[in-house]
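Accompanying notes for the structure given below.
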Amino acid sequence: MANKEVKAALKSARDAIRNKEYKEALKHCKAVLKQDKNIYNSWLFIGLAAAELEQPDQAKGAYKKAIELEPNQLLAWQGLANLYEKPNQTDVKGDLADVYQKLLELYESGDKQKWCDVCNKLVELYHQEKKYLEVAETWQKLIRRKQEEGAEKTELHQLWKKMIQLLKDSTRNQDNKTGQLLLTAFEHALDSADTVPGEDHQNLYKDFIQCLSKFPHEAARLEKACHDMLALYPTMSYPLEVLCLHFVHSGILSEKALHCFSRLLEMDASSGPGIIGFGIKCLKEKKYKEAVKSLTEGLQKTNQCPAAWHYLAEAQMKIHEHRNAVLSCNQALEALGTPEGPNLRWKNLALQLKAETLIKIADADAAEEAIKALEQIVDASSDPVVSALRGQAYINKGLMDQASKISQELLLSHPDLAEAHALEGFIHYSQKNYEQAEKSFLNAIERKAETAEYHQYLGLTYWFMSDETKKDKGKALTQFLKAAKLDSYLGSAFCYLGNYYRDIAGDKSRARGCYKKAFELDETDEESGTAAVNLSVELGDMDTALSILNEVTEKARPGTAKWAWLHRGLYYLRIGQPSQAVADLQAALRADPKDSNCWESLGEAYLNRGSYSTALKSFRKASELNPGLVYSIYRAAALEQILGKYESAITTYQQILKKTENYVPALKG
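Just so we're on the same page, this note's numbering is the position in the sequence shown counted from 1, plus 52.
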């Protein structure tokens, strides 16, 4: 086929395509290719016709052959782009991106509008694929081109805002380069804003600060942005709130942080981050109850702050609210989710604090939970303090061999670690090896003298070691006093001080004060509560005794605080108020329905009230539970007699006399 015929065939093919006679066009092109396979237009027309005939593979092959022949000719690349853009084309996004890249290159020095259109398409494609770095770099090229063309400030502002919009989800990936490009886009958008200050600019600044707060390594930039925004918008609390939460999360309580907390509270006294900041300040100043109050209030307003939950748990731990502290640690862990970077440190701290708190609860279930928490700490095996905690958890579970193994390893590897010696002391103490326990606790105190728990356990060791060490003022008493001084919330130290003053020193007044303090610190401590009430009665101070009992019974849930109900019921019985006595003794029995003495006292109260039938039932119940209660059996017989049940009364009297021949009331009855 001569050159003239080739041109004619290609013209026929072009006309056929124009007339939508695609099969005809293919015939003409194939005729040309039989003569010469290297003619660009014949492959180009095959691509166009095959694409229209829904023959994508043939079209793609033809376009690629044309490109091979003339890599810098535009038409085949455009045809390939059109083909890949069709909805029925799947798995071609990577190829389409390459085609767009080539088209950008080809349009570079030519059609500006087409270059921009392809650039937009390429960015959209990368965005669908979540290739944020490519999105950012390509969009920056578009902005640069617009700048070179002398675009207006308003247009550039919109382009920078569009870039922010495109990259807003990229912060989840924490890719540093993309992050930097996003932050740069924010800075350019802020600089190019028209109305400053203004609502749009303000919202953009808020978004910028929020974005910065997601990048832990951008602390200096975040602080600067917050201060810059405050300078422009001095009445806005938002930048201060972000700054406060940043300081809370950093874990460093600097003068700068304290100033930020107080400035925010001056601006908005109800601000969650401000109240949290004040709570942390109270914690550092050892005002633990105030810290718990403020942190709880702040977290009700700003609950997704893991560091604040950790600080709350720490404050609750200091005032021995152990179960609440565990709940706060759980909240911290929940807010952290699956952490990375600095958040991983908070996760480890929350897990360790949770384990410490569970160990203080001191039952087997809590110990099991503590071990699980310790297992989740990253690099726990290399931390000797974590190992010592695991040892304590094993003691609480009764697994002495495992605890001893950890103790021996720690004493070899870390002989100067107070926790290693304390663990050895806890093991000896639980096994009643008091002399060895004394040595271990003294070693622990030598290395860490400010730990109340070590002094408390050394005091307990002396208390149970012998009568001499119990009575020796320089031993048990001294250690309990030190423990109470170091930790004024340690109820058990005050309880044992009460024991010392009551049983050893014979100082009832001072003992009563210690028991009262112990009970105020821990309202579940029945031993201290009962002792405080009994000593108040012995000292003739019924007002104090009643105030303690009233406080407990007011707060008590049904079926709890038996000791308080019983004590108050007996008091009312003694002073001739049987109706109140009945109510209180019934409440005591709800807590412990099998207490025979309580049933006997209730019978007495009913009898004094004149309720003979119910009194009879109560005395019978008491004697059923404890057949040795002769008084209850006698009272039942006497009531049967009063109620005219003579035969039954005689039988009951005879029953008593079988056991106790000379029981005068029964003989009399």
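Just so it is clear, CB atoms sit at the ideal spot from N, CA and C, and this is done for glycine as well.
**Report entry** Burial state of R397 (16 or more Cβ within 10 Å)
**Finding:** As a working note, residue 397 is residue 345 in the sequence shown. Exposed.
Query raised in the report: Which whole-angstrom value is the C-beta distance of A277 and H298, which I expect to be below 8 Å?
Result: Reading the sequence shown from its first residue, position 225 is the one you call residue 277. Reading the sequence shown from its first residue, position 246 is the one you call residue 298. That pair is no contact at about 11 Å.
Requested in this report: Check each candidate in E408, L625, L132 and name the one with the smallest Cα separation from L441.
Outcome: Position 389 of the sequence shown holds residue 441. Out of E408, L625, L132, E408 has the C-alpha closest to the C-alpha of L441.
Query raised in the report: If you compare alpha carbons, which of Q262, K339, V187 is closest to T230?
Result: Position 178 of the sequence shown holds residue 230. Checking every option, the nearest Cα to that of T230 belongs to V187.
Query raised in the report: Does the separation of the CB atoms of T596 and H619 fall below 9 Å?
Result: One-based indexing of the sequence shown puts residue 596 at position 544. One-based indexing of the sequence shown puts residue 619 at position 567. Cβ atoms of T596 and H619: not closer than 9 Å.
Query - Proximity to L510 [Cα-Cα], best of G543, A474, E520 - result: Your numbering for residue 510 matches position 458 in the sequence shown. For the residues G543, A474, E520, the minimum Cα distance to L510 belongs to A474.
Query raised in the report: By DSSP, does S306 sit in helix, in strand, or in coil?
Result: Taking the first residue of the sequence shown as position 1, residue 306 is located at position 254. Coil at S306, not helix or strand.
Requested in this report: Counting only runs of 4+ residues fully inside the segment 283-355, write out the alpha helix (DSSP H) ranges in chain order.
Outcome: 290-302, 307-319, 324-336, 340-353
Requested in this report: Using a threshold of 9 Å, state whether the C-beta atoms of R564 and L538 are closer than that.
Outcome: Looking up residue 564 in the sequence shown gives position 512. Looking up residue 538 in the sequence shown gives position 486. Cβ atoms of R564 and L538: not closer than 9 Å.
Query raised in the report: How long is the line joining the alpha carbons of I787 and L347, rounded to whole angstroms?
Result: Any question about residue 787 goes unanswered here, given that the chain covers just 53 to 721.
Query raised in the report: Should E692 be labelled buried (16 or more other beta-carbon atoms within 10 Å of its own) or exposed?
Result: Numbered from 1 along the sequence shown, position 640 holds the residue referred to as residue 692. Buried, by the Cβ-count rule.
Report task. Could you check the C-alpha separation between A402 and L385 for me, to the nearest Å? Result -> Translated into positions along the sequence shown, residue 402 becomes position 350. Translated into positions along the sequence shown, residue 385 becomes position 333. Going from the Cα of A402 to the Cα of L385 covers about 7 Å.
Query - Outcome for V634 when other beta-carbon atoms lying within 10 angstroms are tallied against a minimum of 16 - result: What you label residue 634 is simply residue 582 of the sequence shown in a count that begins at 1. Buried, because 16 or more other Cβ atoms sit within 10 Å of the Cβ of V634.
Query raised in the report: Taking the Cβ atom as the reference point for each residue, do K353 and S322 lie within a distance shorter than 9 Å?
Result: Indexing the sequence shown from 1 puts residue 353 at position 301. Indexing the sequence shown from 1 puts residue 322 at position 270. The answer is yes: Cβ separation under 9 Å.
Query raised in the report: Under the rule that 16 or more other beta-carbon atoms within 10 Å means buried, what is H569, buried or exposed?
Result: By 1-based counting over the sequence shown, the position of residue 569 is 517. Before going further, note that residue 569 is Lys rather than His in the sequence given. It is buried - the Cβ of K569 has at least 16 other Cβ atoms within 10 Å.
Requested in this report: State the Cα-Cα distance for the pair L310 and A365, rounded to the nearest angstrom.
Outcome: As a first step, residue 310 is located in the sequence shown; it is residue number 258 there, counting from the start. As a first step, residue 365 is located in the sequence shown; it is residue number 313 there, counting from the start. Taking the straight line joining both Cα atoms gives about 21 Å.
Requested in this report: Use the C-beta contact count for I627: other C-beta atoms within 10 angstroms, 16 or more gives buried, fewer gives exposed.
Outcome: Here residue 627 corresponds to residue number 575 of the sequence shown, with the count starting at 1. Per the 10 Å Cβ criterion, exposed.
**Report entry** Which listed residue (A545, N395, A584, E572) has its alpha carbon closest to that of S561
**Finding:** For the purposes of this step, residue 561 is taken as the residue at position 509 of the sequence shown. That would be A584, whose Cα lies nearest to the Cα of S561.
Requested in this report: Could you tell me whether the Cβ atoms of K500 and Y514 are closer together than 9 Å?
Outcome: Taking the first residue of the sequence shown as 1, we reach residue 500 at position 448. Taking the first residue of the sequence shown as 1, we reach residue 514 at position 462. Their beta carbons are not under 9 Å apart, which means K500 does not touch Y514 by this criterion.
Report task. Tell me where the alpha helix (DSSP H) around A188 begins and ends. Result -> By one-based count along the sequence shown, residue 188 stands at place 136. Residues 184-200.
Query raised in the report: Which residue's Cα is closest to the Cα of Y664: V175, L100, A690?
Result: Position 612 of the sequence shown, counted from the first residue, corresponds to residue 664. Ranking V175, L100, A690 by Cα distance to Y664 puts A690 first.
Query - Backbone secondary structure at V716 - three-state DSSP - result: As a first step, residue 716 must be located in the sequence shown, where it is residue number 664. Low local confidence applies: a pLDDT of 46 at V716 is under 50, so the model's placement there is unreliable, with the coordinate-based value given in what follows. If DSSP states are grouped into helix, strand and coil, V716 belongs with the helices.
Query raised in the report: Three-state secondary structure (DSSP) at Y548?
Result: What you label residue 548 is simply residue 496 of the sequence shown in a count that begins at 1. In this structure, Y548 counts as helix in the three-state DSSP scheme.
Query raised in the report: Near T704, what residues of its chain come up, given a Cβ to Cβ distance below 7 Å and the 5 sequence neighbours on each side ignored?
Result: Locating residue 704 in the sequence shown gives position 652, where the first residue counts as 1. Cβ within range, chain order: I685, A688, A689, E692.
Query raised in the report: Mapping DSSP to helix, strand and coil, what is N71?
Result: Mapped onto the sequence shown, residue 71 falls at position 19. Here N71 sits in coil by DSSP.
Query raised in the report: Taking Cβ positions, are A128 and E137 nearer each other than 9 Å?
Result: Counting from 1 along the sequence shown, the entry for residue 128 is found at position 76. Counting from 1 along the sequence shown, the entry for residue 137 is found at position 85. Their beta carbons are not under 9 Å apart, which means A128 does not touch E137 by this criterion.
Query raised in the report: Does DSSP put D259 in a helix, in a strand, or in coil?
Result: Counted from its first residue, the sequence shown places residue 259 at position 207. In this structure, D259 counts as helix in the three-state DSSP scheme.
Query raised in the report: Sorted by chain position, which residues of the same chain lie with C-beta nearer than 6 Å to A470's C-beta, five sequence neighbours on each side aside?
Result: Here residue 470 corresponds to residue number 418 of the sequence shown, with the count starting at 1. Closer than 6 Å at the Cβ level, and outside the excluded window around A470, lie A496, R499, K500.
Query raised in the report: Cβ atoms of Q368 and N355: under 9 Å apart, would you say?
Result: Within the sequence shown, numbered from 1, the residue matching residue 355 stands at position 303. Within the sequence shown, numbered from 1, the residue matching residue 368 stands at position 316. The answer is no: Cβ separation not under 9 Å.
**Report entry** 8 Å Cβ shell around H179 - same chain, five flanking residues per side excluded
**Finding:** Position 127 of the sequence shown holds residue 179. Excluding residues within five positions, the ones whose Cβ falls inside 8 Å are V187, L218.
Query - CB contact flag (N448, A489, <9 Å) - result: For this step, residue 448 is matched to residue 396 along the sequence shown. For this step, residue 489 is matched to residue 437 along the sequence shown. No, the Cβ-Cβ distance between N448 and A489 is not below 9 Å.
Query raised in the report: By Cβ distance, which residues of its chain are closer than 6 Å to S700, with the 5 residues on each side in sequence left out?
Result: For this step, residue 700 is matched to residue 648 along the sequence shown. Only E692 meet the Cβ criterion.
Report task. Determine the direct distance from the alpha carbon of L78 to that of H103, and round the result to whole angstroms. Result -> In the sequence shown, the residue the question calls residue 103 occupies position 51. In the sequence shown, the residue the question calls residue 78 occupies position 26. The amino acid at residue 103 is misidentified as His; the sequence shows Ala. One C-alpha to the other measures close to 11 Å.
Report task. With hydrogens ignored, establish whether the beta-carbon of L401 is closer than 8 Å to any heavy atom of the ligand HEM. Result -> What this structure holds is no ligand at all, so the ligand HEM is not there to describe.
Query raised in the report: Mind checking S544: buried by the 16 CB within 10 Å criterion, or exposed?
Result: Along the sequence shown, read from residue 1 onward, the residue named residue 544 stands at position 492. Per the 10 Å Cβ criterion, buried.
Query raised in the report: Looking at the unbroken alpha helix (DSSP H) that takes in Y664, where does it start and where does it end?
Result: By one-based count along the sequence shown, residue 664 stands at place 612. Unbroken alpha helix (DSSP H) run through Y664: 664-677.
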